[in-house]
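In this note's numbering, the protein residues as written are 5 to 486.
Dropping the structure here:
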């Protein structure tokens, strides 16, 4: 047996990825996934920007307009959970294409909708596709990159989506519903063009995503060794399609048709709660709920905070926009932080900075210091967001990586829905101080929950064996979970 063959298949794969340089093929995979992530965020927000026009044209109530967003986010929660499970069962690439197909169809239905009911159905279809896209994109990128650049690549997705995507959505809506409105048939039709543009963007992404290969880790899990060697050879030569690679190397020396680990050919959602992964699952849920819920709460609460400090509504929105721009810078900084700083350290320091900043906001009353501290909050939240998206796929083994990330995303989306509701209730009953207390609890979750997870920065992706194959004595792979 060769030296490579004497090692476990996953170890051989890690060595192969680490040995090859990061080629143009790796960057094309990143760009194709990032394009979908960017579209995801734009699609989430365009309905909100079009809602004033829809209210005027169709005579909708505020409740009906709010139901469009609620339906979208609930569908996203379902989509994230379902896609995670099926991506581990049927493959990442297959579900990737289904997701983009779903929100292409949903966007087309929204653009052509004759009434509110059909639009509501369209937003549900879109939401299922968008929810599946969120966690799956990070899983795909994490599984094709070497450990050295994995953090930068996955946090780069967060920068494109959570950072740049919000501004892209507002700019696109402002252009189509503003200066271009008359050229597009007036207010009656401009919003349809806004939804229609989403169809074009989604269709383009659908076409080019055909070139994204199945991830080597998923294929190796099912024993498709020859296909893995072919994909690795293409990645090493910098191509995703076209003629066969010039040099077809045997990167993985293992028997064809034999799963990389005993007992892992099946995807079982309940394994997320098995002894080897239970703690990782709860850590992922806690951190993601804190990040999603805390960020959504503060983003919605920021204009009210400025207004409470004496600013008129228009200036409150302007100051909130400035704070959001600083958050975009934070998302960019997160790319560097993901490469250089341990994951658990970022959560701990980020949580501490949030607590100090909230203490400052509780003390100061002038508008300029309030703006500066709010900008710091947005900055820290975006840095932590970048790290959180790096951390999720790193916590779980290949057989449940997408399911684990999807489940955490679902919990996070639910938190982003209920967090602002809780903050609003606290604001009405107890004022601003109570909301600060809620956000302090979010920061404490970052500090505490991260202590119970493993450190994953710069190391190969985890492959904790299935619980039914682990000796009774325990899980040596889990010794880093303290």
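All residues carry an ideal CB built from backbone N, CA and C; glycine is no exception.
Source: prediction; values computed, not measured.
- Please check the pair residue 66 and residue 389, which I expect to be a contact at CB under 8 Å, by giving their CB distance rounded to whole angstroms. That pair is no contact at about 29 Å.
Worksheet item: Any chance the segment 166-181 sits against the segment 434-443, with 3 or more Cβ pairs inside 8 Å?
Response: no
- Query: So, do the segment 30-49 and the segment 205-223 have three or more beta carbon pairs nearer to each other than 8 Å?
  - Reply: yes
Query raised in the report: By DSSP, does residue 504 sit in helix, in strand, or in coil?
Result: Lying before the first or after the last residue shown, residue 504 is absent from the chain, which here runs from 5 to 486.
Taking DSSP as the reference, what is the three-state secondary structure of residue 255?
coil
**Item:** Beta-carbon contacts of residue 484 that lie in its chain and below 8 Å, excluding the five residues immediately before and after
**Value:** At residue 484 the pLDDT is 38, less than 50, meaning the model places this residue with poor confidence and gives no usable figure here.
- Message: Just verifying my parser: in three-state terms, what is the DSSP assignment at residue 196?
- Response: helix
Do the segment 322-342 and the segment 384-403 make contact, defined as three or more Cβ pairs closer than 8 Å?
-> yes
Where residue 80 falls: helix, strand or coil (DSSP):
helix
According to DSSP, is residue 423 part of a helix, a strand, or is it coil?
helix
Spatial distance of residue 97 from residue 263 (CA atoms):
19 Å
Taking residue 47 as the reference, give the member of 104, 90, 61 with the closest Cα.
104
Check: Do the CB positions of residue 381 and residue 361 come within less than 8 Å of each other?
Finding: yes
- Alpha carbon to alpha carbon, how far is residue 308 from residue 434? Give it in angstroms, no decimals. 14 Å
Would DSSP call residue 466 helix, strand or coil? coil
*So what's residue 358 in DSSP terms, helix, strand or just coil?*
helix
Just to check my reading of the structure: residue 411 and residue 291 have Cβ atoms closer than 8 Å, yes? What is that Cβ distance to the nearest angstrom? About 13 Å separates the two Cβ atoms, so there is no contact after all.
Next on the checklist: Would you call the segment 420-427 in contact with the segment 144-153, where contact means no fewer than 3 C-beta pairs closer than 8 Å?
Outcome noted: no
Status (buried if at least 16 other CB within 10 Å, exposed otherwise) for residue 413 | buried
Three-state secondary structure assigned by DSSP to residue 368 | coil
request  = Go ahead and label residue 455 buried or exposed: buried means 16 or more other beta carbons lie within 10 angstroms of its beta carbon, across all protein chains shown.
outcome  = exposed
Q) Nearest-angstrom Cα distance between residue 84 and residue 220? A) 22 Å
Quiz prompt | residue 461 (DSSP reduced to helix, strand or coil) | solution = coil
*Do you know how far the Cα of residue 260 is from the Cα of residue 386?*
43 Å
(Q) Quick check on residue 425 - is its C-beta less than 8 Å from some C-beta in chain B? (A) Looking for chain B here will not work: only one protein chain is present.
Exercise. Short check: CB of residue 355 to CB of residue 450, under 8 Å?
Worked result: yes
Buried/exposed call for residue 429, threshold 16 Cβ in 10 Å | exposed
### residue 1, enclosing alpha helix (DSSP H) - first and last residue
No answer is possible for residue 1: it lies beyond the span of the chain, which begins at 5 and ends at 486.
I'd like the list of long-range same chain contacts for residue 132, defined as Cβ closer than 7 Å, with 5 residues on each side in sequence excluded.
79, 82, 83, 106
Practice prompt. Evaluate the contact criterion for the segment 194-205 versus the segment 69-77: three or more CB pairs, one atom per stretch, below 8 Å.
Written response: no
- Message: With the cut-off set at 8 Å, would you say residue 110 and residue 86 are in Cβ contact?
- Response: no
Review point. Are the CB atoms of residue 368 and residue 173 nearer to each other than 8 Å?
Key: no
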